[in-house]
Amino acid sequence: MSVRGLLLLLLLIPGQLLASENGVELLPGMDHVFLSPRLEWLEDPQGQMTLADIRKALAAGRFRSYPEDIPNFGYTHSAVWFHARIHNGSGQWRRWLLEIGYPLLDDIRVFIQYSDKPPRHFLGGDRRPFPSRYIENTHFLFPLELEPGEQAELFIRVRTGSAMLMPANLWAPERFHSLDHRRQFADGLYYGALLAMLLFNIVVYLFIRDRYYPLYLGFLAAFVLFQSTLEGYAYEYLWPNAPLWNDKALSLFIPLALLFLLLFIRAFLQLRTRAPGIDRIYRAGAWIMAGLLLLAPFLSYQSSIRIETLINFPIILLVLYTSLRLWLQGNRPAGIIFASWLALLLGILLYLLQVYELLPVNALTLNALKFGALIQVLGFATALLARVRQLVVENRIMQERRRK
Numbered sequence: 020m021s022v023r024g025l026l027l028l029l030l031l032i033p034g035q036l037l038a039s040e041n042g043v044e045l046l047p048g049m050d051h052v053f054l055s056p057r058l059e060w061l062e063d064p065q066g067q068m069t070l071a072d073i074r075k076a077l078a079a080g081r082f083r084s085y086p087e088d089i090p091n092f093g094y095t096h097s098a099v100w101f102h103a104r105i106h107n108g109s110g111q112w113r114r115w116l117l118e119i120g121y122p123l124l125d126d127i128r129v130f131i132q133y134s135d136k137p138p139r140h141f142l143g144g145d146r147r148p149f150p151s152r153y154i155e156n157t158h159f160l161f162p163l164e165l166e167p168g169e170q171a172e173l174f175i176r177v178r179t180g181s182a183m184l185m186p187a188n189l190w191a192p193e194r195f196h197s198l199d200h201r202r203q204f205a206d207g208l209y210y211g212a213l214l215a216m217l218l219f220n221i222v223v224y225l226f227i228r229d230r231y232y233p234l235y236l237g238f239l240a241a242f243v244l245f246q247s248t249l250e251g252y253a254y255e256y257l258w259p260n261a262p263l264w265n266d267k268a269l270s271l272f273i274p275l276a277l278l279f280l281l282l283f284i285r286a287f288l289q290l291r292t293r294a295p296g297i298d299r300i301y302r303a304g305a306w307i308m309a310g311l312l313l314l315a316p317f318l319s320y321q322s323s324i325r326i327e328t329l330i331n332f333p334i335i336l337l338v339l340y341t342s343l344r345l346w347l348q349g350n351r352p353a354g355i356i357f358a359s360w361l362a363l364l365l366g367i368l369l370y371l372l373q374v375y376e377l378l379p380v381n382a383l384t385l386n387a388l389k390f391g392a393l394i395q396v397l398g399f400a401t402a403l404l405a406r407v408r409q410l411v412v413e414n415r416i417m418q419e420r421r422r423k
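For the sequence shown, the residue numbers in the working numbering are 20 to 423.
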């Protein structure tokens, strides 16, 4: 193939990114650029550097590339600055959307420096009321407009108490809204399934009044709140003007969900009679979760999440061991709980490993918790229904004995 033919082929590849020493080149026909791998970064440990300081640091060559596709700094008190040089090579005026796709970032400041016109400055992050966003979306969106042949310096400052992930993209607006519609539709199906399961089990409880259902319903409700807060939907739809509450919500819903989980497993598997030693561990764990629930409002978000994350692993393994042990002893519902909990375990494990930078950030690790959670919820509901069927059979046997 000739050089001319090769260049023509490259121009026809949708979303193709041509990068040079000058940065990111936006070419005709492009509607998406995966920006994260192109970002350079600089840590600001004190969080006091100004844009002028950052420009000097850039000129001095202090910025460096991140080794993974998506920058992930875990939990850090530092501010981190990101930089990219964007050039419009399309020959026409273009408007793009800068997307930062991690809803838990606290404070985002975007600076766009042009060579021949005034700079632009945008603020974002979940420490600000949701309606103040440039575009109301669970992801953070900022406009980038470029004249033909124009170049812009993009600086992004991020500081957060959550894990610091930086999944960044540039989108043509129509392309973004098309894909975002599909994302929100898929998330709607997911949350719709969880809410339908919650309502279904409420109805079942109202009919049979089984004492285990309130504990399961408490766990499921707390988990839905946790998941929707993690993904930004709770902030968008439930408390859009309460950033202070939103900052604390996640650190409250985690121990609340684990508290109901421990109480449910303890009661449902009848640990007091079947495994008294393990039952004492569950009671201690429940008291610890209750304590964390009370302490969370007074601890920083980062401190709460670090503690709760460390406690998560022993509880996950405890539930897995308990259900496996009783299943091997012939308890069928325990086997269903074991299988469903194993699915959730794998999901949580993948998610936490990418938070702690032990796995790369990708579609699987970011959504692993969601996949595992759906299987787990269906599994727990199946175990409860198996118990209901067992109760129905036992009731029929008792009635037949009375007739005799």
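Cβ coordinates follow ideal geometry from the N, Cα and C atoms, glycine included. Nothing here was measured: the structure is a model prediction, and the numbers come from that model.
For the 8 Å CB-CB criterion, Pro186 and Tyr85 do not form a contact. If you compare the alpha carbons of Arg325, Arg293, Phe332, Tyr320 with that of Gly304, the shortest gap goes to Phe332. Sequence-distant partners of Asn107 (beyond 5 residues in either direction) whose C-beta falls short of 6 Å from its own C-beta, in its chain, are Leu45, Arg113, Leu165, Glu169. Residues of the same chain with a CB within less than 7 Å of the CB of Ala241, apart from the 5 flanking positions on each side, are Phe272, Leu275, Ala276, Phe279 in chain order. In this structure, Trp100 and Leu61 form a Cβ contact; the two beta carbons are roughly 5 Å apart against a cut-off of 8 Å. Note on Gln348: under 16 other CB atoms within 10 angstroms of its CB, so exposed under the neighbour-count rule.
Membership of Ile175 in the beta strand (DSSP E) is indicated by the continuous run 170-178. Residue environment: Arg228 is assigned as exposed (fewer than 16 neighbouring CB atoms within 10 Å of its CB, all protein chains considered). According to the DSSP assignment, Asp63 belongs to the beta strand (DSSP E) that extends over 59-63. The Cβ atoms of Leu116 and Phe53 lie no closer than 8 Å to each other. By the CB criterion at 8 Å, Ser55 and Pro90 fall inside the cutoff. In its chain, beyond the 5 residues on either side, no residue has a beta carbon closer than 7 Å to the beta carbon of Ser151. About 31 Å separates the CB atoms of Ile127 and Gly110; that is not less than 8 Å, and the two are not in contact.
The residue among Asn386, Ile154, Ile175, Ala171 with its C-alpha nearest the C-alpha of Met68 is Ile175. The beta carbon of Leu163 lies closer than 8 Å to those of Ile105, Arg114, Trp115, Leu116, Leu117, Ile131, Ala171, Leu173, Leu189 in the same chain, with the five residues before and after it left out. Sequence-distant Cβ neighbours of Ala387 in its own chain, meaning closer than 6 Å and more than five residues away, are Gly366, Leu369, Tyr370.
In the structure shown, the three-state DSSP call for Tyr224 is helix. For His158, the closest of His200, Leu290, Arg302 by C-alpha to C-alpha distance is His200. A check of alpha carbon separations from Gln65 across Ile324, Ser247, Arg178 identifies Arg178 as the nearest. The Cβ atoms of Tyr232 and Val243 lie no closer than 8 Å to each other.
Note on Ser247: 16 or more other CB atoms within 10 angstroms of its CB, so buried under the neighbour-count rule. For Gly354, same chain residues with a beta-carbon under 7 Å away, outside a window of 5 residues either side, are Trp346 in chain order. Spatial neighbours of Leu269 in its own chain (CB-CB distance under 6 Å, excluding positions within 5 residues in sequence) are listed in chain order as Thr248.
In the DSSP annotation of this structure, Gln289 is not part of any alpha helix (DSSP H), being labelled neither H nor E. If only uninterrupted beta strand (DSSP E) runs of at least 3 residues are considered, none is enclosed by the region 287-353.
Assignment of beta-bridge partners to Val52 by DSSP yields Leu189.
Distances from the alpha-carbon of Trp360 to those of Gly80, Gly251, Gln373, Ser342 put Ser342 closest. The three-state secondary structure of Trp100, taken from DSSP, is strand. In this structure, DSSP gives Pro150 a helical state, which the three-state scheme calls helix. Nearest C-alpha to Leu236 among Ala253, Leu214, His140: Leu214.
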